[in-house]
Amino acid sequence: MTVIDRNHVQVRGDGPCAMIFSHGFGCDQNMWRFVAPAFEDDFKTVLFDHVGAGRSDLAAYDARKYSSLAGYADDLVEICRALGLTQTVFVGHSVSAMIGVIASLQAPELFESLVLVGPSPRYINDDDYLGGFSAADIDDLLTSLDDNHMGWSAAMAPVIMGNPDRPELSEELTNSFCRTDPEIAKAFARVTFTSDNRSDLPHVTARTLILQCRDDIIASEEVGEFVHRQVPNSQLVVLNASGHCPNLSAPDEVISAIRRFVR
Amino acid sequence: MTAIDTQSSMPAEDLEDLYENAPCGYLSLQPDGRIVKVNRTLSTWIGIPAEQLLGKRLHDLLNTSGRIFYETHFAPLLRMQGFFNEVALDLVTVDGKKLPVLANAMERRAEDGALLFTRVTMLQAAERRRYERELVEARAAADAAGATIKAKLAFEQQTAELREEFIAVLGHDLRNPLASISAAARILRKEKQTDRAIKVLDLMQGSVVRMSGLIDNVLDFARGRLGGGITLERRAEHLEPLLRQVIEELRFSHLDRAIEVTIEFDGPINCDSGRIGQLVSNLLGNALTHGTPDEPVRLSAATVDGKLELWIANGGAPISSEAMTGLFQPFFKGEAGTSQRGLGLGLHIASEIARAHGGTITVSSDDKETRFTFVMPLD
Numbered sequence: 001m002t003v004i005d006r007n008h009v010q011v012r013g014d015g016p017c018a019m020i021f022s023h024g025f026g027c028d029q030n031m032w033r034f035v036a037p038a039f040e041d042d043f044k045t046v047l048f049d050h051v052g053a054g055r056s057d058l059a060a061y062d063a064r065k066y067s068s069l070a071g072y073a074d075d076l077v078e079i080c081r082a083l084g085l086t087q088t089v090f091v092g093h094s095v096s097a098m099i100g101v102i103a104s105l106q107a108p109e110l111f112e113s114l115v116l117v118g119p120s121p122r123y124i125n126d127d128d129y130l131g132g133f134s135a136a137d138i139d140d141l142l143t144s145l146d147d148n149h150m151g152w153s154a155a156m157a158p159v160i161m162g163n164p165d166r167p168e169l170s171e172e173l174t175n176s177f178c179r180t181d182p183e184i185a186k187a188f189a190r191v192t193f194t195s196d197n198r199s200d201l202p203h204v205t206a207r208t209l210i211l212q213c214r215d216d217i218i219a220s221e222e223v224g225e226f227v228h229r230q231v232p233n234s235q236l237v238v239l240n241a242s243g244h245c246p247n248l249s250a251p252d253e254v255i256s257a258i259r260r261f262v263r
Numbered sequence: 264m265t266a267i268d269t270q271s272s273m274p275a276e277d278l279e280d281l282y283e284n285a286p287c288g289y290l291s292l293q294p295d296g297r298i299v300k301v302n303r304t305l306s307t308w309i310g311i312p313a314e315q316l317l318g319k320r321l322h323d324l325l326n327t328s329g330r331i332f333y334e335t336h337f338a339p340l341l342r343m344q345g346f347f348n349e350v351a352l353d354l355v356t357v358d359g360k361k362l363p364v365l366a367n368a369m370e371r372r373a374e375d376g377a378l379l380f381t382r383v384t385m386l387q388a389a390e391r392r393r394y395e396r397e398l399v400e401a402r403a404a405a406d407a408a409g410a411t412i413k414a415k416l417a418f419e420q421q422t423a424e425l426r427e428e429f430i431a432v433l434g435h436d437l438r439n440p441l442a443s444i445s446a447a448a449r450i451l452r453k454e455k456q457t458d459r460a461i462k463v464l465d466l467m468q469g470s471v472v473r474m475s476g477l478i479d480n481v482l483d484f485a486r487g488r489l490g491g492g493i494t495l496e497r498r499a500e501h502l503e504p505l506l507r508q509v510i511e512e513l514r515f516s517h518l519d520r521a522i523e524v525t526i527e528f529d530g531p532i533n534c535d536s537g538r539i540g541q542l543v544s545n546l547l548g549n550a551l552t553h554g555t556p557d558e559p560v561r562l563s564a565a566t567v568d569g570k571l572e573l574w575i576a577n578g579g580a581p582i583s584s585e586a587m588t589g590l591f592q593p594f595f596k597g598e599a600g601t602s603q604r605g606l607g608l609g610l611h612i613a614s615e616i617a618r619a620h621g622g623t624i625t626v627s628s629d630d631k632e633t634r635f636t637f638v639m640p641l642d
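Residue numbers (my numbering), protein chains in the order written: chain C, 1 to 263; chain L, 264 to 642.
Structure representation (structure tokens):
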């Protein structure tokens, strides 16, 4: 199985430069459905699913490799190399922001710039650092995933029904996004919410845009400002959008912020 | 009463009351996710007055893990699909208790596609959650039991393999010293011996024959169980001389017993003669062991109607119907009280040899005689 199949890589557009979209903890590449098409005229857009998510090859899930974000960063580098890309614009949401940071330290030549949407280098509070969650909160999350994965998994595979209001959603897509194997979701949650990549931030050399939402309980404004202070060549843009997924709730804002940055 | 009468006599449904006191919780969110309306049922469940809930966000009502999952899974799903159904959430009540609910949500959009409201319905789901948890626990228990059984099975399989290997090795290793004893007895027999010594040597030779028969059976059994099965080398052969030799060997080790033999073959028989000899040796040995000593053992072998028919009969106590069912099973031992001199493999091996030849062994037993009959087709 090639990397392209393993990560269900989709390439569109034919611009000279590539823009890679990487989804976070939760759904899959569909998270970019309202944003990525806006860049197809000027860029070659690359979308993919992390192993364990969406239509990636579940058989390729290796508990050891993916026990740290570096395993996911390796995949990202592999995808770029397989497609012969260099000097790309990387757009990473949520935990993928840090996956992009790690990959850019591994192979700086592959990433000309980074767009970090709702990044957080550490979710758990630590002395003066406010990540937003206590260690007990994260334990509670992991336990609830353990206890109640039947409930989650039932919710992960939503009932398919007619959706006349939104004809752009084919039944096939309705059936596949946000569905996660409960065991893999649990492992990914552990990796995501126990990671600490604060010390990586000062080493980033790519020019970086940080997109921060208001009222994001996953990555707060304090965290966004922390990332901005730590990443040398970075800009912080606070969006009007609220919540953790501006790529879905306010795609136009996200698109214009990225446009201004890459221009 | 007509249908019209029924309608007119019913009180009109009060939609306001239906909303406020519905048997489910209702919640409406503005496009920015803040609560704009909530019904009395839901505010009663949580223990917070409706007006205090306005302006809060849905995730303010959830526990931490629920918030994380809501933001990372259900909010995106809702945005992409326009709805979600049967999502398990835990509300946190004013006194800090968890209230499990199942939530459905649907977006209400304007003509131009702009989001107006998100409407959420909630049903209490404590019982369902308990049931789900029980299922999870039952699955965990089943997995654990499965793992234990697997481990036990693997251990048993290993033990069984070792046992069969052991039998095979034992069978091989017993043959050599037995051949030495046999050769030694023959050498001594050729020299001048006292009458007493000759008698002892004859007894030894008889024991050697019996023991090598037992070893053959052990080996066949071990091989059969190790996957080889009983293999035949069939060819057309005059069987009579071979049968007579087998009978003589047994007669030799049972000098005090009468064996009456009738053999009537038309010509050569297509079979593995060595195996047929082993079959006859097992059946005859069995009859000599279990039959009453004061009656002869009778053997008859004949070719009749395209079949080889061979039977061996002895007198004595009949085989009980209980024992009859297990007779051809390996390691079968007759009832307590009968002499148990064999390994219980003789009849099993004999029946396997019969089967390999496309034949059968049947048994009948009453006060007069016990008779084993082997029948096989001649081609």
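The beta carbon of each residue, even a glycine, is placed where N, CA and C say it ideally should be.
_Can you pull the chain L neighbours of residue 99 of chain C, defined as C-beta to C-beta under 8 Å?_
Near residue 99 of chain C there are no residues of chain L at all, since even the closest Cβ is about 15 Å away, more than 8 Å.
*Should residue 245 of chain C be flagged as near chain L, meaning a C-beta pair shorter than 7 Å?*
yes
*In whole angstroms, what separates the C-alpha of residue 221 of chain C from that of residue 418 of chain L?*
Rounded to whole angstroms, residue 221 of chain C and residue 418 of chain L show a C-alpha spacing of 59 Å.
*May I have a chain-ordered list of the beta strand (DSSP E) segments no shorter than 3 residues that lie completely inside the stretch 570-624 of chain L?*
570-577
_Contacting residues, own chain, Cβ-Cβ under 6 Å from residue 566 of chain L (five flanking each side not counted)_ = 528 and 529
*Does the stretch 398-417 of chain L touch the stretch 375-385 of chain L, meaning 3 or more C-beta pairs lie closer than 8 Å?*
no
*Mind reading off the beta-carbon distance from residue 140 of chain C to residue 327 of chain L? Whole number of angstroms is fine, and I expect it under 8 Å.*
The Cβ separation is near 6 Å, so the contact holds.
*List the residues of chain L whose Cβ lies closer than 8 Å to the Cβ of residue 25 of chain C, in chain order.*
335
*Between residue 579 of chain L and residue 594 of chain L, is the Cβ-Cβ spacing less than 7 Å?*
no
*Within-7 Å CB hit, residue 116 of chain C to chain L*: no
_On the criterion of 16 or more Cβ atoms from any shown chain inside 10 Å, does residue 629 of chain L qualify as buried, or is it exposed?_
exposed
*Please check if any C-beta of chain C sits within less than 7 Å of the C-beta of residue 375 of chain L.*
no
*C-beta atoms of residue 133 of chain C and residue 124 of chain C nearer than 7 Å*: For residue 133 of chain C and residue 124 of chain C, yes; Cβs fall inside 7 Å.
*7 Å Cβ shell around residue 243 of chain C - same chain, five flanking residues per side excluded*: The residues are 213, 215, 216 and 249.
*To the nearest angstrom, report how far apart residue 582 of chain L and residue 642 of chain L are at their CA atoms.*
33 Å
*chain L within 7 Å of residue 144 of chain C, Cβ atoms only*: yes
_Residues that residue 361 of chain L bridges to, as DSSP identifies them_ = L/355
*Close beta carbons around residue 53 of chain C, own chain, < 6 Å, minus the five adjacent residues each side*: In the same chain as residue 53 of chain C, and ignoring 5 residues on each side of it, the C-beta atoms closer than 6 Å to its own belong to 28, in chain order.
_Top-ranked residue by Cα proximity to residue 261 of chain C, from C/218, C/114, C/240 and C/223_ = C/114
_Using the Cβ count rule (16 or more neighbours within 10 Å means buried), how would you classify residue 456 of chain L?_
exposed
*Among the residues of its own chain, which have a CB less than 8 Å from the CB of residue 467 of chain L, if the five just before and after it don't count?*
444 and 448
*Using a Cβ cut-off of 8 Å, which residues of the stretch 12-43 of chain C contact any Cβ in chain L, in chain order?*
Hits within the stretch, in order: 24, 25, 26, 27, 30, 31 and 33.
*Can you name the start and end residues of the alpha helix (DSSP H) that residue 97 of chain C belongs to?*
95-106
*Using a Cβ cut-off of 7 Å (strictly closer), state whether residue 393 of chain L contacts chain C.*
no
*Report the neighbours of residue 248 of chain C on chain L: residues whose CB is nearer than 7 Å to its CB, in chain order.*
339, 342 and 343
*Under three-state DSSP, which class holds residue 298 of chain L?*
strand
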